[in-house]
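Peer 1: Please see the structure below; I have some questions.
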Amino acid sequence: MKIELADAWNKMASRLESWLNNIIINLPNIIIAIIVFTIVIFLSKYISRLTLKLLSKSSLQKSMKNVIAKLISVLVILAGLFLVLGILDLSKTLNTILAGAGVAGLAVGLALQGALSNTFSGIVLSYIKQIKFGDWIESNDFEGEVVDIDLRAVTIRQPDNNLVYLPNKLVLENPIKNFSSTAQSRVILTCGVGYSSDLEFVRDLVKETISSNFDPVENKDDVIFLYSEFGDSSINFETRFWIDSTSALEVAKAKTEAMIYIKKAFDENNINIPFPIRTLDFPENFKFTKEQNEA
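Position one of the sequence shown corresponds to residue 775 (our numbering), numbered consecutively onward.
Here's what the structure looks like:
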């Protein structure tokens, strides 16, 4: 038993000595490989910045420029990796890597199907013109300004300044509402007035109030005013007008200002905006008794 242990120890020591000798022999190559790979890393960053600088003069979207720069950087790093393997005289390892790339690629593709889908979707989103940096969009029940599009997600800044990261696949496969695709946005405001109100006067007053307080509305005929229904306690109407903004936040602000102006105009003209009330009708001869009051 002792002989077998001694023999095993000798074999292990011999193997470790062989490895150490190989490391010493190949030490210059290892140092060169480390230096080369370090240079490749810095070179990839420099080439990425240079690519962005060259593409800045093109008509491509900013998101597409970023994607191209990142892809070129990755290709430079991969080329440097193969160069390092050649310096270390690992040609057999390189051949093994290339031979197994197909099988490994299939396995990785199946395992990272979602990630690869987001990457491909990111490339597509970077190319299309329907969504770009600075646009105010609504997608997947989130709304905000597009601040970044990369190979993983679309980043939007909401009105409360929080950032939302939407996977590219969801943005590409679901409807996108782009508020920045037009030069103007429509403000829609609903309200109600009492049944005793002069409806024609209310209509003219609202249209005049909107046109006199919002510069993009040149005259009151540009304001759309529609009565919508006879409500439980009011006659409801809807008014619409345009503002020179593509931001949903600016639309909300304009709607707030319109509500303030309309409420002030109604108060000055004794127009009532009723709130829900309940009316109880009793028979003519009905009388409250003391027992009923106590009940």
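C-beta: ideal position from N, C-alpha, C; glycine also.
Would valine 814 and glycine 860 qualify as a contact pair, given that the criterion is a beta-carbon distance under 8 angstroms?
Peer 2: No.
Peer 1: Helix, strand or coil: how does DSSP classify tyrosine 969 here?
Peer 2: coil
Peer 1: Given a threshold of 16 other Cβ atoms within 10 Å of its Cβ, counted over all protein chains shown, does valine 858 qualify as buried or as exposed?
Peer 2: Burial call: buried.
Peer 1: Taking the continuous beta strand (DSSP E) assigned at isoleucine 950, which residues delimit it?
Peer 2: 950 to 952 is the extent of the beta strand (DSSP E) around isoleucine 950.
Peer 1: If you drop the 5 nearest sequence neighbours on each side, which residues of the same chain put their C-beta closer than 8 angstroms to that of phenylalanine 1049?
Peer 2: Ser1007
Peer 1: In whole angstroms, what separates the C-alpha of phenylalanine 1015 from that of proline 941?
Peer 2: Going from the Cα of phenylalanine 1015 to the Cα of proline 941 covers about 35 angstroms.
Peer 1: Isoleucine 1034 to valine 921, Cα distance in whole Å?
Peer 2: 33 angstroms
Peer 1: Thinking valine 976 and isoleucine 1047 are a contact (beta carbons under 8 angstroms), I'd like their distance in whole angstroms, please.
Peer 2: Wrong, their Cβ atoms sit about 10 angstroms apart, outside the cutoff.
Peer 1: For the beta strand (DSSP E) that contains asparagine 1010, what are its first and last residues?
Peer 2: Asparagine 1010 -> beta strand (DSSP E) spans 1009 to 1017.
Peer 1: Which residue's Cα is closest to the Cα of asparagine 990: Tyr969, Val1025, Leu946?
Peer 2: In the sequence on display, residue 990 carries proline and not asparagine. Of the candidates Tyr969, Val1025, Leu946, the one whose C-alpha sits nearest the C-alpha of proline 990 is Val1025.
Peer 1: Can you check whether the CB of valine 938 is closer than 8 angstroms to the CB of leucine 899?
Peer 2: no
Peer 1: Relative to the C-alpha of serine 1021, which candidate in Ile851, Gln932, Leu829 has its C-alpha closest?
Peer 2: Gln932
Peer 1: In chain order, what residues of the same chain lie with their CB nearer than 8 angstroms to the CB of asparagine 1043, ignoring the 5 residues before and after it?
Peer 2: Phe975, Leu979
Peer 1: Rounded to whole angstroms, what is the Cα-Cα separation between alanine 885 and asparagine 840?
Peer 2: Only weak support is given to the placement of alanine 885: the predicted model assigns it a pLDDT of 49, under 50, and the value that follows is read from those uncertain coordinates. Distance between the alpha carbons of alanine 885 and asparagine 840 is about 26 angstroms.
Peer 1: Determine, using beta carbons only, whether isoleucine 950 and serine 913 come nearer to each other than 8 angstroms.
Peer 2: yes
Peer 1: In whole angstroms, give me the CA-to-CA distance for isoleucine 851 and serine 818.
Peer 2: 6 angstroms
Peer 1: Specify the secondary structure class of aspartate 924 as computed by DSSP and reduced to three states.
Peer 2: Note: aspartate 924 maps to coil in three-state DSSP.
Peer 1: Would you call serine 986 buried or exposed, if buried means 16 or more other Cβ atoms sit within 10 Å of its Cβ?
Peer 2: exposed
Peer 1: When the Cα atoms are used, what is the spatial distance from isoleucine 1009 to isoleucine 998?
Peer 2: 17 angstroms
Peer 1: Assuming lysine 844 and leucine 946 form a contact by the criterion Cβ under 8 angstroms, report the distance between their Cβ atoms to the nearest whole angstrom.
Peer 2: Wrong, their Cβ atoms sit about 18 angstroms apart, outside the cutoff.
Peer 1: Suppose you measure from the CA of serine 1002 to the CA of glutamate 1012; what does that come to, to the nearest Å?
Peer 2: 7 angstroms
Peer 1: Here's the rule I'm using: 16 or more other beta-carbon atoms within 10 Å means buried, otherwise exposed. How should threonine 956 be labelled?
Peer 2: Its Cβ having fewer than 16 others within 10 Å, threonine 956 is exposed.
Peer 1: Can serine 971 and isoleucine 1036 be called in contact, C-beta distance under 8 angstroms?
Peer 2: The answer is no: Cβ separation not under 8 angstroms.
Peer 1: Which whole-angstrom value is the C-beta distance of isoleucine 911 and isoleucine 930, which I expect to be below 8 angstroms?
Peer 2: Contact holds; Cβ gap of about 7 angstroms.
Peer 1: Spell out the partners DSSP gives arginine 931 in its beta bridges.
Peer 2: Glu919, Leu937
Peer 1: Going by CA-CA distance only, name the one from Ile821, Phe916, Ile897, Arg960 that's closest to serine 847.
Peer 2: Ile821
Peer 1: With isoleucine 911 as the anchor, note down where its beta strand (DSSP E) starts and where it stops.
Peer 2: Counting along the chain, the beta strand (DSSP E) containing isoleucine 911 begins and ends at 910 to 913.
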